[in-house]
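Trainee: Have a look at the structure that comes next, please.
2 protein chains.
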Amino acid sequence: MSGEKILLVDDEQDIVELLEYNLRKEGYQVRTALNGQEALKIASSYKPDLVILDVMMPVMDGMQTCEALRKSPNHNGVIIAMLTARAEDYSQIAGFDAGADDYITKPVKPKVLVSRVKALLRRGTSVIGIPDENLSIVINRDKYLVIKEGNEFNLPKKEFELLNLLYSQPGSVFTRQNILSSVWGDEVVVGDRTIDVHIRKLREKLGSEHFVTIKGVGYKFQH
Amino acid sequence: MSGEKILLVDDEQDIVELLEYNLRKEGYQVRTALNGQEALKIASSYKPDLVILDVMMPVMDGMQTCEALRKSPNHNGVIIAMLTARAEDYSQIAGFDAGADDYITKPVKPKVLVSRVKALLRRGTSVIGIPDENLSIVINRDKYLVIKEGNEFNLPKKEFELLNLLYSQPGSVFTRQNILSSVWGDEVVVGDRTIDVHIRKLREKLGSEHFVTIKGVGYKFQH
DNA sequence: CTTATACGTTAAGGAATTGTTAATCCTATC
DNA sequence: GATAGGATTAACAATTCCTTAACGTATAAG
Chain A
160 MSGEKILLVD DEQDIVELLE YNLRKEGYQV RTALNGQEAL KIASSYKPDL
210 VILDVMMPVM DGMQTCEALR KSPNHNGVII AMLTARAEDY SQIAGFDAGA
260 DDYITKPVKP KVLVSRVKAL LRRGTSVIGI PDENLSIVIN RDKYLVIKEG
310 NEFNLPKKEF ELLNLLYSQP GSVFTRQNIL SSVWGDEVVV GDRTIDVHIR
360 KLREKLGSEH FVTIKGVGYK FQH
Chain B
160 MSGEKILLVD DEQDIVELLE YNLRKEGYQV RTALNGQEAL KIASSYKPDL
210 VILDVMMPVM DGMQTCEALR KSPNHNGVII AMLTARAEDY SQIAGFDAGA
260 DDYITKPVKP KVLVSRVKAL LRRGTSVIGI PDENLSIVIN RDKYLVIKEG
310 NEFNLPKKEF ELLNLLYSQP GSVFTRQNIL SSVWGDEVVV GDRTIDVHIR
360 KLREKLGSEH FVTIKGVGYK FQH
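From first to last, the protein sequence lines stand for chains A and B. Adding 159 to a residue's 1-based position in the first sequence gives its number in the numbering used here. Adding 159 to a residue's 1-based position in the second sequence gives its number in the numbering used here.
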């Protein structure tokens, strides 16, 4: 048994206990949280492989939590499963769009959940990368900080978000369209050269070797 | 649009057509089969990235097909989603035990299926990135990279897309017409020598042994 | 051998995309 | 409402890449 780490987040104590018991029985490490805020706090030190998130929660709901996790570079590659009582389409789609990997409807029987978890982790483990070692550039999203070779930088908002996006999947190309909708949002219209100018500033501050242009396609970050 | 290959297997013609239409609209390549036996036959040449399998089918059901696919070394890493009208637990578990990656209950609305497919492939593509040792040339579409004997190449857009097309079905011949409409699009008109020049550049960079001319017909890629 | 047809090669021009700079427009904060 | 830092734009430069034209080569048919 591999003992992958699972973070289980639901505001209903009964459900949490039931599912926790069943997951532990299968050999997983389990920690729990009662809302999204608590979940994020735990996740930052616990580094779970899989997060099971209830959609309906007080304080911070599953969707918000999911987005927060996806945006955080500390949780790169984490698998997220959403748990909800509502089987309606729009909520499923919203869940996936927030970056969830799976969507499980409540009530869920323990055996079913365990099966689902197994399937997710089976796929996931091959993805989970080698831990980052001496990376020259590190992002601290909480503090809105970039650390390059020990020196801290304070980037302006847009630059930071652009960096954060590219950094979230180092090596992968983001199209201009991707970048626009992630950093600027779909409704905003900005000129053609706006992205370039921000890229330029990042190159100036962090070194142009990290930002690769794929002409006609987009940009990517590399360490 | 990435154009991953999906094999859709269901014995109900109506459902197949509906889902096929919706998946194609999202830019996926789709082929269909009406039972498991047919599915295996198609899969062996088509090499799908994702197989969507109905559980209840004549001739060879989804479970058997799933197991067969998992056992076959030709379909290493393929993602399998099961589709069934029954939401009961035991069938879900049986499905997962046969090695399915996801489980979708019918009736499924097209939008929901598409979301599910996206989530599955999102996770899947990052797995595909691990180079297959035996292959001298590997394409990583996310990173817009070609890896030849461990060395990474950054190809210009058109060259990359041409390679990507030929590479999608190694050994199969693509006619000039095929190539033009896939890489350049149907409305664009380009001169007679344009394709040749791009092929030449690919041969220069990756070795001419990989690009075979079939005179009067077209080109094919071979490892 | 000649001719026709399809593909190969090369280099140059132009088209398209991106880089750069500086000025201007915002927006939050005092 | 003044100010400062950030965001955006416009104009132009630079670069890369795509396409083409012209010519070369190969193969098969008459």
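The beta-carbon is built from N, C-alpha and C at its ideal position, and this holds for glycine as well.
Mapping DSSP to helix, strand and coil, what is arginine 281 of chain A?
Mentor: Here arginine 281 of chain A sits in helix by DSSP.
Trainee: Could you name the residues of the same chain whose beta carbon sits closer than 7 Å to that of glutamate 179 of chain B, not counting the 5 residues immediately before and after it, in chain order?
Mentor: Closer than 7 Å at the Cβ level, and outside the excluded window around glutamate 179 of chain B, lie Leu167, Val189, Thr191.
Trainee: With distances taken between CB atoms, is the gap from aspartate 169 of chain A to aspartate 213 of chain A smaller than 8 Å?
Mentor: For aspartate 169 of chain A and aspartate 213 of chain A, yes; Cβs fall inside 8 Å.
Trainee: Hey, how far is the Cα of valine 376 of chain B from the Cα of arginine 335 of chain B?
Mentor: Distance between the alpha carbons of valine 376 of chain B and arginine 335 of chain B is about 7 Å.
Trainee: Going straight from the alpha carbon of valine 305 of chain A to that of aspartate 220 of chain B, what length do you get?
Mentor: Cα-Cα distance, rounded: 54 Å.
Trainee: Within this structure, are the beta carbons of aspartate 260 of chain B and alanine 278 of chain A separated by less than 8 Å?
Mentor: In this structure, alanine 278 of chain A lies closer than 8 Å to aspartate 260 of chain B by Cβ.
Trainee: What does the alpha-carbon distance come out to for the pair histidine 357 of chain B and cysteine 225 of chain A?
Mentor: Rounded to whole angstroms, histidine 357 of chain B to cysteine 225 of chain A spans 44 Å at the Cα level.
Trainee: Mind listing the chain A neighbours of tyrosine 303 of chain B? Cutoff is C-beta to C-beta under 7 Å, in chain order.
Mentor: Ordered by position in chain A, the residues that pass the 7 Å Cβ test against tyrosine 303 of chain B are Val332, Ile373, Val376.
Trainee: Looking only at its chain, what residues have a beta carbon closer than 7 Å to the beta carbon of glutamine 223 of chain B, apart from the 5 residues adjacent to it on each side?
Mentor: Excluding sequence neighbours, glutamine 223 of chain B sits near Gly195.
Trainee: For chain A, is any of its Cβ atoms less than 8 Å away from the one on aspartate 261 of chain B?
Mentor: Taking Cβ atoms only, chain A reaches closer than 8 Å to aspartate 261 of chain B, which makes this a yes.
Trainee: If I follow the unbroken alpha helix (DSSP H) through methionine 222 of chain A, where does it start and stop?
Mentor: From DSSP, the alpha helix (DSSP H) with methionine 222 of chain A extends over 221-230.
Trainee: In three-state terms, what does DSSP make of valine 286 of chain A?
Mentor: Note that valine 286 of chain A has pLDDT 37, beneath the 50 cutoff, so the model's placement of it is unreliable and the number below is only indicative. Of the three classes helix, strand and coil, the one that applies to valine 286 of chain A here is coil, per DSSP.
Trainee: From glycine 350 of chain A to valine 371 of chain A, what does the alpha carbon distance come to, in whole angstroms?
Mentor: Using only the alpha carbons, I get a separation of about 21 Å.
Trainee: Can you list, in chain order, the residues of its chain with a C-beta nearer than 6 Å to that of valine 332 of chain A? Leave out the 5 residues immediately preceding and following it.
Mentor: The answer, listed in chain order, is Ile373, Val376, Gly377, Lys379.
Trainee: Give a yes or no on whether 8 Å exceeds the smallest Cβ distance from alanine 133 of chain A to chain B.
Mentor: Residue 133 of chain A lies beyond the range of chain A shown here (160 to 382); nothing can be said about it.
Trainee: Cα-Cα, which of B/Val175, B/Leu361, B/Lys364 is closest to valine 267 of chain B?
Mentor: Among B/Val175, B/Leu361, B/Lys364, the Cα nearest to that of valine 267 of chain B is on B/Val175.
Trainee: Are the CB atoms of asparagine 181 of chain B and valine 273 of chain B nearer to each other than 8 Å?
Mentor: A contact, by the Cβ cut-off of 8 Å.
Trainee: Return the first residue and the last residue of the beta strand (DSSP E) that leucine 199 of chain A is part of.
Mentor: Counting along the chain, leucine 199 of chain A falls outside any beta strand (DSSP E), though it belongs to the alpha helix (DSSP H) covering 195-205.
Trainee: How many whole angstroms separate the CB atoms of tyrosine 326 of chain B and isoleucine 298 of chain B, which I take to be in contact at a CB cut-off of 8 Å?
Mentor: Confirmed, Cβ separation roughly 6 Å.
Trainee: Of the residues A/Glu197, A/Glu311, A/Thr353, which one's Cα is nearest the Cα of leucine 365 of chain A?
Mentor: Answer by Cα proximity: A/Glu311.
Trainee: Going straight from the alpha carbon of aspartate 345 of chain B to that of isoleucine 338 of chain B, what length do you get?
Mentor: Whole-angstrom Cα-Cα distance: 10 Å.
Trainee: With C-beta atoms as the reference, is lysine 317 of chain B less than 8 Å away from valine 348 of chain B?
Mentor: It is not a contact, given that the beta carbons lie outside the stated cut-off.
Trainee: Using a Cβ cut-off of 7 Å, which residues of the segment 170-202 of chain A contact any Cβ in chain B, in chain order?
Mentor: Correct list: empty, as no residue qualifies.
Trainee: Quick one: does lysine 379 of chain A have its CB under 8 Å from some CB of chain B?
Mentor: Closer than 8 Å: yes.
Trainee: Using three-state DSSP, classify aspartate 311 of chain B as helix, strand or coil.
Mentor: The sequence as given places glutamate at residue 311 of chain B; aspartate does not occur at that position. Note: glutamate 311 of chain B maps to strand in three-state DSSP.
Trainee: Hey, histidine 234 of chain B and isoleucine 296 of chain B are a contact pair by Cβ (cut 8 Å); roughly how many whole angstroms apart?
Mentor: Contact doesn't hold; Cβ gap of about 20 Å is too wide.
Trainee: Whose C-beta lies closer than 8 Å to the C-beta of leucine 321 of chain B among residues of the same chain, with five residues either side of it excluded?
Mentor: Here the set comprises Ile338, Val342, Ile354, His357, Ile358, Leu361.
Trainee: CB-CB under 6 Å to isoleucine 239 of chain B, same chain, minus the five flanking residues each way: which ones, in chain order?
Mentor: Only Val210, Cys225, Ala259, Asp260 meet the Cβ criterion.
Trainee: Quick one, which residues of the segment 309-325 of chain B are near chain A if we go by CB-CB under 9 Å, in chain order?
Mentor: Per Cβ criterion, the list reads Asn313, Pro315, Lys316, Lys317, Phe319.
Trainee: Just tell me which of A/Glu171, A/Ala227, A/Lys230 has its CA closest to the CA of methionine 216 of chain A.
Mentor: Comparing Cα-Cα distances from methionine 216 of chain A to each of A/Glu171, A/Ala227, A/Lys230, the minimum goes to A/Glu171.
Trainee: When you compare each of B/Leu280, B/Leu228, B/Lys230, B/Lys206 to glycine 330 of chain B by their alpha carbons, which one comes out closest?
Mentor: Residue B/Lys206 is the option with its Cα nearest to glycine 330 of chain B.
Trainee: If you measure from the beta carbon of alanine 278 of chain B to each beta carbon in chain A, is any gap under 8 Å?
Mentor: It does: the Cβ of alanine 278 of chain B has a partner Cβ on chain A nearer than 8 Å.
Trainee: Could you work out which residue in B/Val276, B/Lys307, B/Tyr303 is closest to histidine 369 of chain B when comparing CA atoms only?
Mentor: Comparing Cα-Cα distances from histidine 369 of chain B to each of B/Val276, B/Lys307, B/Tyr303, the minimum goes to B/Lys307.
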